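Numbering (my numbering), first residue to last: 2 to 148. Glycine is no exception: its CB is placed at the ideal position from the N, C-alpha and C atoms. Keep in mind the model is a prediction, meaning the values are calculated, not measured.
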Ligand code: RB5
């Protein structure tokens with residue numbers, strides 16, 4: 002897996018994205034920022050799509066931030082191969098990596114504090130996928146026909 006971490010946000014997640022990108026950069030990892038580039042109002046699905054392109058091409062982990070994290074997760078999960086999870090705490094971050102092999106963390110700047118966001122992100126980046134029985138379940142995502 003590429004050691005880089007890709008960040009994307011809309012205007013409502015812009016400030017937290019900058020803080021978290023600096024946090025990750027300080028740990029020695031390569032950071033990619035797909036935008037937005039200013040806190041002016043913009044449309045989160047566009048930045049979710051850009052981030053998904055990088056995650057799928059480079060096999061790295063991504064972080065999407067909007068006001069709630071929910072819109073970003075909905076947009077990102079439309080893409081095959083993307084498993085995006087909103088995490089409100091470290092427990093969710095650990096389990097979504099270990100069991101769901103989540104490759105995108107979604108956060109909401111309007112409800113999470115900086116300290117908790119950094120802690121959740123550190124756990125997300127530091128937890129490995131366990132595979133085993135969980136892979137059988139993930140394989141079902143793509144093998145069950147959609148109506
Ligand atoms: C923007 O106001 C807000 O709707 C967006 O950031 C996000 O929270 C959507 O899910």
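Could you tell me which residues DSSP puts in a beta bridge with residue 105?
-> Beta-bridge pairing links residue 105 to 63, 85.
Touch check for the region 37-46 and the region 68-83: three-plus C-beta pairs under 8 angstroms?
-> Yes: the two stretches touch, three or more of their Cβ pairs being nearer than 8 angstroms.
Residue interval of the beta strand (DSSP E) (run including residue 32) | 32-34
Any non-hydrogen atom of the ligand RB5 within 7 angstroms of residue 69 CB | yes
The region 25-45 touching the region 82-91, judged by at least three CB pairs closer than 8 angstroms | no
When you compare each of 100, 99, 118 to residue 107 by their alpha carbons, which one comes out closest?
-> 118
Where are the beta strand (DSSP E) runs, 3 residues long or more, that stay fully inside the region 94-141, in chain order?
-> The qualifying runs are 105-109.
For residue 72, the three-state DSSP class (helix, strand or coil) = helix
Please determine, among 61, 115, 25, 133, the residue with the shortest C-alpha to C-alpha distance to residue 103.
-> In terms of Cα proximity to residue 103, the closest of 61, 115, 25, 133 is 61.
Apart from the five residues just before and just after residue 143, which ones in its own chain have a Cβ nearer than 8 angstroms to its Cβ?
-> 81
Does any heavy atom of the ligand RB5 sit closer than 7 angstroms to the C-beta of residue 118?
-> no
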